[in-house]
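Taking this note's numbering, the leading residue of the sequence shown gets 15, the next gets one more, and so forth.
A virtual CB, placed ideally from N, CA and C, is assigned to each residue, including glycine.
Model, not experiment: these values are computed from the prediction.
Everything on this sheet refers to the single structure shown next.
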Amino acid sequence: MLARQPDERVVTLAPPAPLTVEALAVIAAGAPVALGPHVRARLEASHRQLAELFRAGRTVYGLNTGCGPLCDRPVPGAAAGRFQRNLVRSHATGFGPAHPRAVVRATMAARTFSLAQGRSAVRPVVVESLVTMLNAAIHPVVPETGSVGASGDLVELAHVALALLGEGEVEWRGKRRSAGEALATAGLAPLAFEGREALALMNGTSCETAQAALVVLGAEELVAAAEAAAALVLEALGARAEALDPRLHGVRPHPGQEASAARVRALVAGSRRLHDGVAEPGSRPVQDAYTLRCVPQVLGAVRATLAHVRDVVTTELNAVTDNPTFFPEEGAVLHGGNFHGQPIALAVDHLKVALAEVALFSERRLARLLDPATNGGLPPFLIRDEVGVRSGLMGLQYCASSTIADNAVLAHPASLGSVPTNANNQDVVGMGSVGVRQARRLLENARRVVAIELLAAAEALDVVGVEGIAAGTRAVHDAVRTVVAPLLEDRPLGADVERLAETLGVIAAIV
15 MLARQPDERV VTLAPPAPLT VEALAVIAAG APVALGPHVR ARLEASHRQL AELFRAGRTV
75 YGLNTGCGPL CDRPVPGAAA GRFQRNLVRS HATGFGPAHP RAVVRATMAA RTFSLAQGRS
135 AVRPVVVESL VTMLNAAIHP VVPETGSVGA SGDLVELAHV ALALLGEGEV EWRGKRRSAG
195 EALATAGLAP LAFEGREALA LMNGTSCETA QAALVVLGAE ELVAAAEAAA ALVLEALGAR
255 AEALDPRLHG VRPHPGQEAS AARVRALVAG SRRLHDGVAE PGSRPVQDAY TLRCVPQVLG
315 AVRATLAHVR DVVTTELNAV TDNPTFFPEE GAVLHGGNFH GQPIALAVDH LKVALAEVAL
375 FSERRLARLL DPATNGGLPP FLIRDEVGVR SGLMGLQYCA SSTIADNAVL AHPASLGSVP
435 TNANNQDVVG MGSVGVRQAR RLLENARRVV AIELLAAAEA LDVVGVEGIA AGTRAVHDAV
495 RTVVAPLLED RPLGADVERL AETLGVIAAI V
């Protein structure tokens with residue numbers, strides 16, 4: 015997952031002013047949250063509408079009915095509070111590893127923003143309590159496994175709601191403890207849900223959307239780092255600059271392709287190592303292999319994918335994904351399916367394929383650098399001396415190959431795995447929660463593969479000499495060398511790869 019430093023700027027959630035993926039990431043990193051000045055009025059209006067509907071004897075799903083296929087079972091007023099508690103307790107059934115703190119904070123912020131739009135008929139205290147927990151850094155322990163992304167992220171969001179009740183576990187001050195203990199120590203009171211507040215907290219795509227937002231930010235950083243890695247390889251192998259000519263990309267004007275070409279072109283501008291002009295007979299081939307020649311076309315397509323996913327995620331972050339939805343200005347309440355996670359599920363599956371492609375493309379350039387049949391006279395596995403006694407980057411290539419195989423499995427579309435559930439009420443489910451969990455792992459895998467390529471490319475440039483390389487690629491090389499020393503003797507390289515993967519943001523920012 016994308017690493018970000020804590021940010022103490024207050025992020026104000028004030029719909030209809032949009033919530034951006036960048037703002038969500040700042041909250042995920044620890045920034046405090048405030049509600050906009052008009053939020054309370056919106057919340058009060060929809061809550062008044064709910065009270066009027068209840069007094070009028072209207073049937074409203076999740077208020078005076080059971081949930082899911084039990085929607086035909088009435089819930090008497092005397093049992094309303096118990097029904098709300100039971101709904102949370104019965105759905106807080108997740109298991110497996112807990113979501114990272116950043117994911118939990120992003121989820122809480124996304125749910126807060128959705129509720130703050132005043133379309134869910136919750137009391138202001140519910141939304142304010144989420145904000146208070148965020149600002150007190152009381153983070154519910156939310157297991158990763160359980161949601162099917164159909165009626166929203168019911169299981170994961172139930173664990174958030176459970177903490178508001180003072181039940182379940184939270185992470186606070188670096189330790190796991192009971193939610194009741196943490197709230198009491200922090201001077202906060204647990205909530206008693208009223209109306210349909212339990213369902214409003216649980217019924218939506220906030221967890222998968224929050225994760226998708228963080229992954230797309232990390233993926234944007236990744237593709238920029240991959241362009242920098244490719245530029246280093248172009249320098250190391252003395253590739254042809256002709257393939258970056260803006261005229262080529264202008265006649266195939268995909269925005270992502272043009273942006274990628276411009277970035278790589280800027281990184282290698284002024285290089286004396288790249289070949290340009292007409293190839294002389296008997297010299298190097300007139301054009302390079304695809305891994306060198308098609309960098310803008312491949313990584314540009316990834317950029318286009320990320321732009322699409324960002325659009326979907328941004329729309330979903332700013333959407334109301336509850337059911338039913340209240341329109342107090344019209345006196346209307348509408349039952350529908352805005353909770354369904356298919357938009358995120360399909361976008362995330364597209365994102366997964368793009369992440370796998372970045373890593374695959376990177377691994378292919380790594381293979382070209384290490385193979386004496388393709389690396390333009392560099393030593394095998396970039397071994398500086400004592401070839402045979404030393405093995406150089408041989409072992410690291412295995413790790414890249416293994417990771418590519420892992421990615422191929424993870425990139426399979428989770429949205430194709432719909433399993434009808436909930437007594438066939440949820441008879442088609444998105445599985446976006448599964449897909450986004452895979453996307454997080456794919457992002458980490460891809461970061462490591464790009465880090466391996468950067469490490470190898472820096473090593474190759476050290477072998478051939480950095481004299482004559484461009485200022486941009488020199489800055490990339492120096493950034494690598496800041497965290498990874500040259501391979502003068504064989505040594506375990508796993509820790510080097512992890513350190514470099516953690517600093518891809520620095521490399522991504524080099525122009």
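Within 10 angstroms of the beta-carbon of residue 109 lie fewer than 16 other beta-carbons, which makes it exposed. Rounded to the nearest whole angstrom, the CA to CA distance from residue 48 to residue 387 is 60 angstroms. DSSP lists 192 as the beta-bridge partner residues of residue 183.
Counting of Cβ neighbours within 10 angstroms places residue 65 among the exposed residues, the total staying below 16. Of the candidates 396, 401 and 375, 375 places its Cα closest to the Cα of residue 415.
Linking residue 309 to residue 207 through their CA atoms gives a straight-line distance of about 54 angstroms. Non-local C-beta neighbours of residue 184 in its own chain, meaning closer than 7 angstroms and more than five positions away in sequence, comprise 152, 153, 154, 155, 177, 191, 193 and 196, ordered along the chain.
By the CB criterion at 8 angstroms, residue 167 and residue 447 fall inside the cutoff. When DSSP states are grouped into helix, strand and coil, residue 314 belongs to the helix group. Residue pairing by DSSP puts residue 404 in a beta bridge opposite 401.
A straight line joining the alpha-carbon of residue 301 with that of residue 124 spans about 49 angstroms.
A straight line joining the alpha-carbon of residue 50 with that of residue 80 spans about 33 angstroms. At the C-beta level, residue 380 and residue 396 stay beyond 8 angstroms of one another. Within 10 angstroms of the beta-carbon of residue 369 lie 16 or more other beta-carbons, which makes it buried.
Annotated three-state conformation of residue 157 is strand, per DSSP. Less than 8 angstroms separates the beta-carbon of residue 471 from that of residue 246.
Assigned with DSSP and collapsed to three states, residue 166 falls in strand. Of all alpha-carbon atoms in 521, 120, 523 and 315, the one lying nearest the alpha-carbon of residue 43 is that of 120. Between the stretch 492-503 and the stretch 215-228 there are fewer than three C-beta pairs closer than 8 angstroms, too few to call the two in contact.
Residue 114 has its alpha-carbon roughly 15 angstroms from the corresponding atom of residue 38. Here DSSP, grouped into helix, strand and coil, assigns residue 372 to helix. Burial state of residue 86 is exposed, judged by a 10 Å Cβ sphere holding fewer than 16 other Cβ atoms. For the 8 angstroms CB-CB criterion, residue 366 and residue 431 do not form a contact. Excluding the 5 residues flanking it on each side, residue 463 has same chain C-beta neighbours closer than 6 angstroms at 373, 376, 377, 414 and 417, in chain order. Burial is judged here by how many other beta carbons sit within 10 angstroms of a residue's own beta carbon; residue 286 has fewer than 16 and is exposed. In this structure, residue 102 keeps its C-beta atom at 8 angstroms or more from the C-beta atom of residue 202.
A straight-line Cα-Cα distance of about 33 angstroms links residue 341 and residue 158.
When only Cα atoms are considered, residue 458 and residue 225 end up about 13 angstroms apart. Remark: C-beta atoms of residue 331 and residue 223 approach each other more closely than 8 angstroms.
DSSP places residue 346 in the uninterrupted beta strand (DSSP E) bounded by 346-348. The beta carbon of residue 150 sits closer than 6 angstroms to the beta carbons of 200 from its chain, once the five residues preceding and following it are set aside; these are given in chain order. Per DSSP, residue 25 is one residue of the beta strand (DSSP E) stretching across 25-27. A contact between stretches requires three or more CB pairs, one per stretch, nearer than 8 angstroms, and the stretch 496-510 meets this requirement with the stretch 398-411.
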